[in-house]
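Enquirer: Chains as they are written, first to last, in the numbering used here: chain H, 1 to 327; chain Z, 1 to 329. Structure provided below as C-alpha cells; questions to follow.
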C-alpha cells in the first residue's frame, strides 16, 4: 500500500491558559489544557477523540483550527503550517476547515434567521453574490434534510436536532474538506442522535469529508470513527484503529474507560468485569509528575511512573500508546 | 395485589402554562415489589420524572396538578395524605436523589448540617448521635476522611463525591424505597461506573427497593430487574429486563434499542433512526402518541390509543400492531 499523505498533521501541540491573580494581575500559574499531542488525520477518514470532561479534547479541536493561539507546536493542514500563518492567508485556509459545535442552543444567533446564519460564511468570505447565497442556502437546507422554506425562520422555532442540522449546514456552506465535530450529539435525545449521526455519515460519503469527531460517548465514537484517540488530562494516551482499540486497548486508562461504558444488553452486562477507577481526575493546573494517569492507575509502579513522563510511541504498527508498562 | 410495596394506579399529572395545559402524565399504573430494582426509561419530556415526583407529591403546584390516580404505599394512598403525613413519608420511607447534585445541595450550608438535618427531624436523634451517624453514612458511600469532610461545603467536593453525599443523605433514615432520577447523567463514565457500583453494593447490603429513572438503556441493562418504557406520558411497554432487550414488542422500544451503537459493535452498521420528534403534549392524546413516528402505524392507531395488554409472562405492551407480522394483533 502506498504511503498515505495526511491532511492534518499535529505536532507537539500545547495550549496553556494563564491564570492571573492579585492587584497587578501577575500570572500565577496555567491550566495545562493540552500538553503536547501529536497525531495525523488522513483524507476521508473520521478520527474519534474521546476522553472525560476536562481532558482537553475540545481545546485540542479549537487549537487545531487556530480559534485559540497555540502555546507551542505545529499544525500542518493541507501542506501549510497554520501556526505560523496570519491574517488573510489564515482566513483563506479557514474556508477549508469548519466546526460543528456541541450546544445547538448557544451556537446559533437567536436574532438571525436561519438563512442569514447559513449564508453568513459565504458572505464573510465573499464566496457568492446575495442571489447566489439564497440559492445555496436552499440547497444546503435540503442537504441536511430540512425544508428550504425554513430559511426565513428563527432558531427558536426549531428543536435541538433541527438546530444541529442548521449548524451542520452552516459548516458545509464553504465546501470545507475538514470538519471538527465538537460533541455534536451530546445535547440531543437518544432517538435524535441516530438521525444526526446518520446524516453526518451520508455527508461524509457524498463530499469525501474528513472529520475530527470529539465526544465522550465511546459507543458512538466507535460507530462513527475509523481510528480513535483517547485523551487524559491534556495528553494523548492511546491511538489506534477502532476495532483494535476497542478489542485490545493497551493503556490502563483506555481499558478502564471502555469497561465503564454500559452495554444495552442485560446478558452481556452480566458477564462483564469492570475496572473501576478510584478517585477523580486531578487538576490540570497542577498535573501529577511523571505519567499523568498514575494517581488513578491500577498498575502504576513506584519509581517508574512517577518519575518520567512516558513517551508517545508506536507499540504496534498503527497503534500508538504512552505508557511505561506496555511492552 | 397485597405483596406490592408501592402500587400506582391511573396517575395523571398536568401543568398549566400560558400556552395551554401540558398533559405530562396520562394514566400511569405500575407496581413495585419489595427488594426489586425498577428501571424507568424514556426521552426528555416523556413524563418519567414527573410521574415519580407526583408519587411523592413534589410537583410544584401551581402550575402542576395531579388530576387523577392513586399511589398506595403500604396500603395508604400517598395522594390523599395530609401535608404533614406525606412529610413523614418523604425522606424517611421513600427517598429521592436527583440529577444535578450541585443544585440539590444547599451551597451555603455544610455537609454536616445537611446530612444531620433529616436525622434530627425524622428520627429525633440528638446532635451527637446524628453526627456519628453522618460519619458512618459518609464512610458507607465511600468518602475518604469522612470525619474531616463533614465541615466542608458542597463546592469543596467533586461531582462524583457530591453525588455520593446526596446518596448518603437519601439513605440517612433507612428508606424503604430509593427513587433515583438520572443520578449519573451529569457525571463522566468512569465516575458513573463508581456510583453504579456503589448503588449495587448498597442495594445488596441494605436490601433496598430502587426506582431508577434514566434515558440510558445501557445503565438499565446492568442494574434493573424490571423495566418500564415511557413515551408521551404513557407507559408503552413493561417487562423483565432480559425479555425486554431480547424481545421488544413496541415499535418505540425497538427503535430506541436500534438507534444505540454498541461498544462491542464489530461491523459498522447504519443506525436505525426514528424519524420525527417526540410529541409536545398540549392536547390530551386520543390516538397512539407514537403513531406519527411509527412505521407500523395502521388506521386504528390514528383513532384510538392502545392500552397496556399482556402479551407474554409479565410482559405488557400498548400497541395495536404486532410488529412481527405488521398486522393488527
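Yeah, the Cβ is synthetic: ideal placement off N, Cα and C, and Gly gets one too.
Under three-state DSSP, which class holds residue 182 of chain H?
Expert: The residue given as residue 182 of chain H occupies position 182 in the first chain. Note: residue 182 of chain H maps to strand in three-state DSSP.
Enquirer: Between residue 17 of chain Z and chain H, is any beta-carbon pair separated by less than 8 Å?
Expert: As a position in the second chain, residue 17 of chain Z is number 17, starting the count at 1. Output row for residue 17 of chain Z: interface = no.
Enquirer: Hey, is residue 99 of chain Z's beta-carbon within less than 8 Å of any beta-carbon in chain H?
Expert: Here the question's residue 99 of chain Z lines up with position 99 in the second chain. Not closer than 8 Å to any Cβ of chain H, the Cβ of residue 99 of chain Z fails to qualify, so no.
Enquirer: Look at the alpha carbon of residue 158 of chain Z and the alpha carbon of residue 301 of chain Z, and state the distance between them as a whole number of angstroms.
Expert: Position 158 of the second chain, counted from the first residue, corresponds to residue 158 of chain Z. Position 301 of the second chain, counted from the first residue, corresponds to residue 301 of chain Z. So the two alpha carbons sit approximately 48 Å from each other.
Enquirer: Can you check whether the C-beta of residue 238 of chain H is within less than 8 Å of a C-beta belonging to chain Z?
Expert: As a first step, residue 238 of chain H must be located in the first chain, where it is residue number 238. No, no contact with chain Z.
Enquirer: Between Z:93, Z:144, Z:285, Z:222, which has its C-alpha nearest residue 244 of chain Z's C-alpha?
Expert: Against the second chain, residue 244 of chain Z aligns to sequence position 244. With distances taken between Cα atoms, residue 244 of chain Z lies closest to Z:222.
Enquirer: Does the CB of residue 324 of chain Z have a neighbour CB from chain H at under 8 Å?
Expert: The residue given as residue 324 of chain Z occupies position 324 in the second chain. Taking Cβ atoms only, chain H never reaches closer than 8 Å to residue 324 of chain Z, which makes this a no.
Enquirer: Mind the definition here: the region 285 to 294 of chain H touches the region 35 to 43 of chain Z only if three or more C-beta pairs lie below 8 Å; say whether that holds.
Expert: Short answer: they don't touch.
Enquirer: From what residue to what residue does the alpha helix (DSSP H) around residue 253 of chain H run?
Expert: Reading the first chain from its first residue, position 253 is the one you call residue 253 of chain H. Residue 253 of chain H -> alpha helix (DSSP H) spans 252 to 260.
Enquirer: Return yes when at least one heavy atom of the ligand ZN lies under 7 Å from the C-beta of residue 78 of chain Z, else no.
Expert: Among the components of this structure there are no ligands whatsoever, and the ligand ZN is therefore not found.
Enquirer: Considering only the alpha carbon of each residue, which of Z:220, Z:250, Z:226 lies closest to residue 269 of chain H?
Expert: Taking the first residue of the first chain as 1, we reach residue 269 of chain H at position 269. Looking at the Cα atoms, Z:220 is the closest of the given residues.
Enquirer: So the candidates are H:110, H:108, H:67; which of them puts its Cα closest to the Cα of residue 91 of chain H?
Expert: Taking the first residue of the first chain as 1, we reach residue 91 of chain H at position 91. Of H:110, H:108, H:67, the residue nearest in Cα terms is H:67.
Enquirer: In this structure, how does DSSP classify residue 84 of chain Z when only helix, strand and coil are distinguished?
Expert: Residue mapping note: residue 84 of chain Z aligns to position 84 of the second chain, counting from 1. Three-state result, residue 84 of chain Z: helix.
Enquirer: So which residues of chain Z does residue 269 of chain H contact, with C-beta pairs closer than 7 Å?
Expert: Residue 269 of chain H sits at position 269 when you count from the first residue of the first chain. Those within 7 Å of residue 269 of chain H in chain Z are 221, 222.
Enquirer: For residue 156 of chain Z, which of Z:180, Z:109, Z:86 has the nearest alpha-carbon?
Expert: For this step, residue 156 of chain Z is matched to residue 156 along the second chain. Ranking Z:180, Z:109, Z:86 by Cα distance to residue 156 of chain Z puts Z:109 first.
Enquirer: By the 8 Å beta-carbon criterion, what residues does the region 242 to 263 of chain H contribute toward chain Z?
Expert: Cβ contacts with chain Z: 243, 246, 256, 257, 258, 259, 260, 261, 262, 263.
Enquirer: Look at the alpha carbon of residue 177 of chain Z and the alpha carbon of residue 204 of chain Z, and state the distance between them as a whole number of angstroms.
Expert: For the purposes of this step, residue 177 of chain Z is identified with residue 177 of the second chain, where counting begins at 1. For the purposes of this step, residue 204 of chain Z is identified with residue 204 of the second chain, where counting begins at 1. So the alpha carbons of these two residues sit roughly 13 Å apart.
Enquirer: Taking only the alpha-carbon atoms, compute the straight-line gap between residue 307 of chain H and residue 278 of chain H and give it to the nearest angstrom.
Expert: Residue mapping note: residue 307 of chain H aligns to position 307 of the first chain, counting from 1. Residue mapping note: residue 278 of chain H aligns to position 278 of the first chain, counting from 1. Their Cα atoms are separated by approximately 21 Å.
Enquirer: On the criterion of 16 or more Cβ atoms from any shown chain inside 10 Å, does residue 151 of chain Z qualify as buried, or is it exposed?
Expert: Looking up residue 151 of chain Z in the second chain gives position 151. It is exposed - the Cβ of residue 151 of chain Z has fewer than 16 other Cβ atoms within 10 Å.
Enquirer: For residue 26 of chain H, name the three-state secondary structure that DSSP assigns.
Expert: Working through the first chain from its first residue, we reach residue 26 of chain H at position 26. It is a strand residue.
Enquirer: Report the residue from Z:268, Z:238, Z:283, Z:276 whose alpha carbon sits nearest the alpha carbon of residue 309 of chain Z.
Expert: Taking the first residue of the second chain as 1, we reach residue 309 of chain Z at position 309. Residue 309 of chain Z has its Cα closest to that of Z:238, out of Z:268, Z:238, Z:283, Z:276.
Enquirer: Helix, strand or coil: which one does DSSP assign to residue 66 of chain H?
Expert: Indexing the first chain from 1 puts residue 66 of chain H at position 66. Residue 66 of chain H falls in the coil class under three-state DSSP.
Enquirer: When we look at the beta-carbon of residue 215 of chain H and count the other beta-carbons within 10 Å, is it buried (16 or more) or exposed?
Expert: Counted from its first residue, the first chain places residue 215 of chain H at position 215. Under this definition residue 215 of chain H is a buried residue.
Enquirer: Closer than 8 Å, CB to CB, is residue 138 of chain H near chain Z or not?
Expert: Position 138 of the first chain, counted from the first residue, corresponds to residue 138 of chain H. Cβ-Cβ to chain Z under 8 Å: no for residue 138 of chain H.
Enquirer: On the DSSP letters alone, give me the boundaries of the alpha helix (DSSP H) that residue 176 of chain Z sits inside.
Expert: Residue numbering aside, residue 176 of chain Z sits at position 176 when the second chain is read from its first letter. Here residue 176 of chain Z belongs to no alpha helix (DSSP H), and DSSP marks it neither H nor E.
Enquirer: For residue 242 of chain Z, go through chain H and note every residue whose CB falls closer than 8 Å to its CB, in chain order.
Expert: For the purposes of this step, residue 242 of chain Z is taken as the residue at position 242 of the second chain. The answer, in chain order, is 266, 267.
Enquirer: How many whole angstroms separate the CB atoms of residue 28 of chain Z and residue 235 of chain Z, which I take to be in contact at a CB cut-off of 8 Å?
Expert: As a first step, residue 28 of chain Z is located in the second chain; it is residue number 28 there, counting from the start. As a first step, residue 235 of chain Z is located in the second chain; it is residue number 235 there, counting from the start. The pair is a contact, with the Cβ atoms about 6 Å apart (cut-off 8 Å).
Enquirer: Taking 8 Å as the threshold (C-beta atoms), are residue 294 of chain Z and residue 261 of chain Z in contact?
Expert: Stepping through the second chain from its first residue, residue 261 of chain Z is reached at position 261. Stepping through the second chain from its first residue, residue 294 of chain Z is reached at position 294. Going by C-beta atoms, residue 261 of chain Z is not nearer than 8 Å to residue 294 of chain Z.
Enquirer: Note down the Cα distance separating residue 165 of chain H from residue 74 of chain Z, rounded to an integer number of angstroms.
Expert: Along the first chain, read from residue 1 onward, the residue named residue 165 of chain H stands at position 165. Along the second chain, read from residue 1 onward, the residue named residue 74 of chain Z stands at position 74. Between residue 165 of chain H and residue 74 of chain Z, the C-alpha separation is close to 50 Å.
Enquirer: With C-beta atoms as the reference, is residue 65 of chain H less than 8 Å away from residue 112 of chain H?
Expert: Here residue 65 of chain H corresponds to residue number 65 of the first chain, with the count starting at 1. Here residue 112 of chain H corresponds to residue number 112 of the first chain, with the count starting at 1. No; because the gap between Cβ atoms is not below 8 Å, this pair is not in contact.
Enquirer: Buried or exposed: residue 189 of chain H, going by 16 or more other Cβ atoms within 10 Å of its Cβ?
Expert: Looking up residue 189 of chain H in the first chain gives position 189. The residue in question, residue 189 of chain H, is buried, as its Cβ has 16 or more Cβ neighbours within 10 Å.
Enquirer: Using the rule of at least 16 other Cβ atoms within 10 Å of the residue's Cβ for burial, across every protein chain shown, is residue 59 of chain H buried or exposed?
Expert: Position 59 of the first chain, counting from 1, holds the residue named residue 59 of chain H. Flag for residue 59 of chain H reads buried.
Enquirer: Which residue from H:55, H:32, H:23, H:31 puts its Cα closest to that of residue 257 of chain H?
Expert: Taking the first chain and counting its residues from 1, the one referred to as residue 257 of chain H is at position 257. Considering only alpha carbons, the answer is H:55.
Enquirer: Using a Cβ cut-off of 7 Å, pull out every chain H residue sitting near residue 274 of chain Z, in sequence order please.
Expert: Here residue 274 of chain Z corresponds to residue number 274 of the second chain, with the count starting at 1. Within chain H, the residues near residue 274 of chain Z are 191.
Enquirer: For chain Z, is any of its Cβ atoms less than 8 Å away from the one on residue 219 of chain H?
Expert: Translated into positions along the first chain, residue 219 of chain H becomes position 219. Yes - at least one Cβ of chain Z is within 8 Å of the one on residue 219 of chain H.
Enquirer: For residue 365 of chain Z, which option in Z:288, Z:60, Z:84, Z:225 has the closest C-alpha, if you only look at C-alpha atoms?
Expert: What the structure shows of chain Z is the stretch from 1 to 329, and residue 365 of chain Z is not part of that stretch, so it cannot be assessed.
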